[in-house]
Amino acid sequence: MQLNTKETLRDLAWILAGNITLAIGVAWFILPNNVLTGGLAGVAIALEPLIHVTPEIVINVLTVVLFVAGSFILGKKFAMKTILSTICYPLFLSLLSFLAAHYIPADTFIMDKYLATIYGGALMGIGVGCVFRTGASTGGMDIPPLIINKYTHIPLPSLVLIIDALTVLLGAAVYGLQAALTGILSVWVSSFMINKTMLIGGHDAKNVMIISEKYKEIMNKIHERLERGTTILEANGGYSNERKPVLMVVVTKKQLPELQHMISHIDAEAFVIVTDTNEVQGLGFTYEEEL
């Protein structure tokens, strides 16, 4: 029970932080500079010249409509987590817009469109990424990617990028090609920051595969000097059809040069493959041992 309570409080903190960050990006960067972007903000800006309704109202209405649709398709657990965003995001957006209109000098957030595009997109991406980490949604245009992800398992950042790009193209008919191209930049920045935010808590590392006749000696040195665990994989040579052990080890970036020097000193003819690992969790990387 204590663990569940702790996890619930952690998720609530992520959701609140995400919605505040998203609302700041939209209210103080995207809307004041009329930046065509993805998400509900992009839809609202694209529709404003056609339906003559303020973007804040469009965003608030669509937030509720998409929440209802997501609740039916994604289930009760999703609805319970997302209802907080459905309430908080419109509230934060309205509050921040009110502050900008009445208590902050009028030209404070009027800036070069490219600056607004980059910083607004970054804040939106961080906000959505924070909420995505909990399995919830901000209650906006990130619900369609979650629905598609449920049935296709396409990565969420990629789906968000695609749907936001389509949103930008929708606005191109109203604002022209240059505004659409600027909006695509915002979408890319947002998608990039979603991906980075969702990886918070993991560690970049290197996955090293070693094929050597002296694999036991190399393995012992790794255990002794690097204090990293290893895994022995059984493989067959494609040409020789001989069984050969493959030594696999995951190390931090700063340990890689020492490992390479160690391997070359033991067996100069060892075959070594090094690949990037975007996220590593477990003993030695996320708990009980400092990097």
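The working numbering puts the first residue of the sequence shown at 2, with every later residue one more than the last. Ideal placement from N, C-alpha and C gives every residue a C-beta, glycine not left out.
- Contact between V169 and L51 does not hold, since their C-beta atoms are separated by about 16 Å, which reaches or exceeds 8 Å.
- In terms of Cβ geometry, M210 and V252 do not form a close pair [threshold 8 Å].
- Spanning the alpha carbons of K197 and D165 requires a straight line of approximately 18 Å.
- In this structure the segment 107-114 does not touch the segment 59-69; the number of beta carbon pairs closer than 8 Å is below three.
- Around the Cβ of Y115, a 10 Å sphere holds fewer than 16 other Cβ atoms; the residue is exposed.
- Between the alpha carbons of N150 and K222 lies a gap of roughly 43 Å.
- Counting the other CB atoms within 10 Å of its CB gives N20 a total of 16 or more, which places it among the buried residues.
- Counting along the chain, the unbroken alpha helix (DSSP H) around A123 starts and ends at 114-133.
- Spanning the alpha carbons of A271 and E214 requires a straight line of approximately 8 Å.
- In this structure, the CA atom of T231 is about 7 Å from the CA atom of M220.
- N34 and I46 do not touch by the CB rule: their CB atoms are close to 10 Å apart, not below 8 Å.
- For Q256, the number of other beta carbons within 10 angstroms of its own is at least 16, and it is reported as buried.
- DSSP, read as helix, strand or coil, puts V36 in coil.
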